[in-house]
Amino acid sequence: MVALATAAATIAVAGPAPATSAGPAQKQQGHHRVAPSYTNPLKLKLPSGALAESCADPDVLRGRGTDRHWYLYCTTDALTASEVGPNGSPVLHNVPMFSSLDLINWTYEGDAFPTKPAWVTGFVWAPEVVYRNGKYMLYYGASDTSLPGGGSAIGVATSDSPTGPWTDSGQQVVEPQGAPGSRRWIFDPEVLNANGVSYLYFGSYFGGISVRRLSADGLSTDPASQTQVAIDNRYEGTNIIKRDGWYYLLASATNCCAGPLTGYSVFAGRSRSPLGPFVDRHGVSLLAGRVGGTPVVAQNGNRWVGVGHHTVITDFDGQQWMVYHAVDRNDPYYADEVGYTKRPALIDPLDWKHGWPTVRAGRGPSDDPMPGPAAQPGQRTAYKPRFTQEPRPTRLYKSLSDEFRSDTLSKQWTWIRQPEAGSYRLDSGQLRWQTQAADIHPPATPLASVLTEPAPKGNYVVETKVRVTTPPEGCCYNYVQGGLVIYNDDANYLKLTSASIWNTRQTEFGKQMTPVAAGYPSYGNAVVGPVGTATYLRLVRIGERYTAYTSLDGKRWDKGATWTQASSPNTKIGLVSMGGAGFSSNFDYVRVSAVHIPRHWGD
880 MVALATAAAT IAVAGPAPAT SAGPAQKQQG HHRVAPSYTN PLKLKLPSGA LAESCADPDV
940 LRGRGTDRHW YLYCTTDALT ASEVGPNGSP VLHNVPMFSS LDLINWTYEG DAFPTKPAWV
1000 TGFVWAPEVV YRNGKYMLYY GASDTSLPGG GSAIGVATSD SPTGPWTDSG QQVVEPQGAP
1060 GSRRWIFDPE VLNANGVSYL YFGSYFGGIS VRRLSADGLS TDPASQTQVA IDNRYEGTNI
1120 IKRDGWYYLL ASATNCCAGP LTGYSVFAGR SRSPLGPFVD RHGVSLLAGR VGGTPVVAQN
1180 GNRWVGVGHH TVITDFDGQQ WMVYHAVDRN DPYYADEVGY TKRPALIDPL DWKHGWPTVR
1240 AGRGPSDDPM PGPAAQPGQR TAYKPRFTQE PRPTRLYKSL SDEFRSDTLS KQWTWIRQPE
1300 AGSYRLDSGQ LRWQTQAADI HPPATPLASV LTEPAPKGNY VVETKVRVTT PPEGCCYNYV
1360 QGGLVIYNDD ANYLKLTSAS IWNTRQTEFG KQMTPVAAGY PSYGNAVVGP VGTATYLRLV
1420 RIGERYTAYT SLDGKRWDKG ATWTQASSPN TKIGLVSMGG AGFSSNFDYV RVSAVHIPRH
1480 WGD
């Protein structure tokens, strides 16, 4: 959501729109024993009959008492490219609201803030709506404020109705933090009630994620209670789920808004306490420099990329569903607004395996017809999770694999840009390669070396084990890294590395491509599981889809995002060691294998 501040800087803001306090416009429908099917994205109908093109950072609330509707709230955004202001740019709507009876088809109910609260000088982002003390309370992130020194903050507005009118409290639930000019990002509120105590979570990349105790009236928080729950430079968009005595913190990572190269994904950690510490399934903390996080949903190679910033609801059949935004890589931008990313809302089932959440039994975002949620009492969903094994390596391609047990590189390897003599060696069964003060991200100069071999035809798995000798935590070694590449040329490749990103160490899965048009990005990234002293990296190619996996022990693998890349006669498998001098990437092996694709995988 951070990208909106620059991408939308010239976009007009919507004028007053009627907020309905007497109930939504959508007519009630009859019950159905089996809930209807759906196809993503959600259908958000506007008064003109057109469909809204975006609903980023969605939040969903179920009606109370005899109200059978569900309510959807979106971050400030344009709804269509056709609605333009005096300057010809799309009109921004401050927290558009929708209602639905089936969680699939939605009707526009106006904007929560026809005019922004007077103290908010930036955008109104990431609504979180709860019912409390007989009132509806809409918490939001203010991207900038008129307070002394400016900075972001959390605000709240109240109403007697889920669709307003909303009255802003005029005060900050969480105030700006940090010195003027280097304010922390106070974004993305999340409210949790636990054991008679209410908490408010907030934060983003610059400053990390924290939690505070919320006052009885819900209008303020106690600064003295503030507790850090996730390291900076990794997560935003917190959502908390309580299950089986655990509190699960789900949050999104990387860039929300890079058009077709958006790699946003959702990760989880859990704790017995709402205050943490939250750890992933490997026991790695979300506060660690080698930051933890178990993947929950990532792009899977269909049209949806950048999946994240979500909420979780439970239907009347007991099935949980994740409502989240995504980017259509084939239609990423508003018309004539290249660089301003559309983020339509999706819904998919949230399942649980061995105590950890995963979307659609691990298959990720859906793009085909799906059994829908039981949105009304008496309904049931036809959805049933069907878990399957992940693709795995089988027969080793010996001519393309290397255990680095010789004194010299095998003849299978070819250098692209030969590194300096003495900067690499084979020693004790490892390729020890000094990191270069270079990169393969044009227009970087100099361009880094790549150690390559031919890629096999068809589907395959390539794996390595690498130790990058940067310290386990601490700032700053940007962006020292070592790992695998699938290399067509310097402008078209995929990269899975153990990387240093500010004060964190993360496994980064990036895509570099020649821009398809002016204004389009050339690079986007996702992240996968945690970094260890040594980290195992795996790329699985099936057709034009490459899926990243990482592991701390070579046995339990975290599945990450999928990027697509067309092969060429020159496609190569490669290694890199780059991003800054003074360290080394030590590779134990490269193994290339045939791949076993389980039945029903990817269905």
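Under my numbering, think of the first position of the sequence shown as 880, with each following residue one higher.
Think of the CB as a built atom: it goes at the ideal place given N, C-alpha and C, for glycine as much as any other residue.
Since we're looking at a predicted model, the values are computed, not measured.
Hey, residue i and residue j are a contact pair by Cβ (cut 8 angstroms); roughly how many whole angstroms apart?
i: alanine 1460; j: threonine 1314; result: 6 angstroms
i: threonine 1260; j: aspartate 1196; result: 5 angstroms
i: serine 1152; j: valine 1158; result: Contact doesn't hold; Cβ gap of about 12 angstroms is too wide.
i: tryptophan 949; j: arginine 941; result: 5 angstroms
i: glycine 989; j: threonine 1042; result: 7 angstroms
i: glutamine 1198; j: leucine 980; result: Contact doesn't hold; Cβ gap of about 17 angstroms is too wide.
i: tryptophan 1200; j: aspartate 1227; result: 7 angstroms
i: tryptophan 985; j: lysine 924; result: 6 angstroms
i: glycine 1180; j: threonine 1443; result: 6 angstroms
i: threonine 1521; j: glycine 1403; result: Outside the displayed span of the chain (880 to 1482) sits residue 1521, for which this structure offers no information.
i: valine 1145; j: serine 1131; result: 5 angstroms
I'd like the list of long-range same chain contacts for residue i, defined as Cβ closer than 6 angstroms, with 5 residues on each side in sequence excluded.
i: glycine 1082; result: Ile1088, Ser1089
i: valine 1340; result: Pro1272, Val1419, Ser1472, Val1474
i: arginine 1242; result: none
i: glutamate 932; result: Thr959, Lys1221
i: glutamate 1054; result: Ala1032
i: asparagine 1465; result: Gln1309, Arg1311, Arg1346
i: glutamate 1352; result: Gly1168
i: proline 1552; result: There is no way to answer for residue 1552, as the model of the chain reaches only from 880 to 1482.
Report buried or exposed for residue i, applying the criterion of at least 16 other Cβ atoms within 10 angstroms of its Cβ.
i: phenylalanine 1266; result: exposed
i: proline 1058; result: According to the sequence provided, residue 1058 is alanine. The question's proline does not apply to it. Looking at its Cβ environment, which holds fewer than 16 other Cβ atoms inside 10 Å, alanine 1058 is exposed.
i: alanine 1300; result: exposed
i: tyrosine 1010; result: exposed
i: glutamate 1069; result: buried
i: alanine 914; result: buried
i: asparagine 973; result: buried
i: histidine 1188; result: buried
i: serine 1307; result: exposed
i: glutamate 1007; result: buried
i: lysine 906; result: Only weak support exists for where lysine 906 lies, its pLDDT of 37 falling under 50; the coordinates are left without a value.
i: glutamine 841; result: Any question about residue 841 goes unanswered here, given that the chain covers just 880 to 1482.
i: alanine 1396; result: exposed
i: arginine 1274; result: exposed
i: arginine 1062; result: buried
i: methionine 1202; result: The sequence shown places valine at residue 1202, not methionine. By the 10 Å Cβ count, valine 1202 comes out buried.
i: threonine 1173; result: buried
i: glutamine 1050; result: exposed
i: glycine 1075; result: exposed
DSSP three-state label for residue i, please.
i: glycine 1142; result: coil
i: proline 1400; result: coil
i: serine 968; result: coil
i: glycine 1308; result: coil
i: glycine 1241; result: helix
i: lysine 1263; result: coil
i: lysine 1277; result: helix
i: proline 1272; result: strand
i: lysine 906; result: Reliability fails at lysine 906, whose pLDDT of 37 lies under 50, so the model's placement of it is uncertain and the value that follows must be treated cautiously. In this structure, lysine 906 counts as coil in the three-state DSSP scheme.
i: lysine 1336; result: coil
i: methionine 1392; result: coil
i: alanine 1132; result: strand
i: glutamate 1282; result: coil
i: aspartate 936; result: coil
i: alanine 1300; result: coil
i: glutamate 1342; result: strand
i: lysine 1374; result: strand
i: glutamine 1315; result: strand
i: asparagine 1465; result: strand
Grab me the residues of residue i's own chain with a C-beta within less than 7 angstroms of its C-beta, minus the 5 sequence neighbours each way, in chain order.
i: arginine 1182; result: Asp1207, Arg1208, Asn1209, Asp1246
i: valine 1052; result: Tyr1018, Ile1033, Gly1034, Val1035, Leu1079, Leu1098, Ser1099, Thr1100
i: glycine 1020; result: Trp1004, Ala1005, Ser1031, Ile1033, Ile1065, Phe1066, Asp1067, Pro1068
i: histidine 1479; result: Arg1265, Thr1267
i: isoleucine 1295; result: Ser1328, Val1329, Thr1331
i: serine 1285; result: Leu1305
Got a sec? Which residues, its chain only, sit under 8 angstroms from residue i by beta carbon, not counting five neighbours each side?
i: threonine 1046; result: Ala1036, Thr1037, Ser1038
i: isoleucine 1110; result: Gly1087, Leu1165, Leu1166, Ala1167, Gly1168, Val1170, Asn1382, Thr1383
i: tyrosine 1084; result: Val881, Trp1064, Asp1111, Asn1112, Arg1113, Tyr1114, Glu1115
i: threonine 1287; result: Leu1305
So that I know if they touch, is there some Cβ in chain D lying closer than 8 angstroms to that of residue i?
i: tryptophan 1125; result: Of the chains in the structure shown, none is chain D; there is only one protein chain.
Would you mind listing the alpha helix (DSSP H) stretches within the stretch 986-1067 that are 4+ residues and don't spill past its ends, in chain order?
Counting only runs of at least 4 residues, the stretch 986-1067 fully encloses no alpha helix (DSSP H) element at all.
Can you check the stretch 1156-1184 for any alpha helix (DSSP H) of at least 4 residues that lies completely inside it and give the ranges in chain order?
For the stretch 1156-1184, not a single whole alpha helix (DSSP H) run of length 4 or above is found.
Report the residue ranges of all beta strand (DSSP E) runs contained in full by the stretch 1099-1126; include only those spanning at least 3 residues, in chain order.
Entirely contained in the stretch 1099-1126, the beta strand (DSSP E) runs reaching 3 residues are, in chain order, 1106-1109, 1114-1122.
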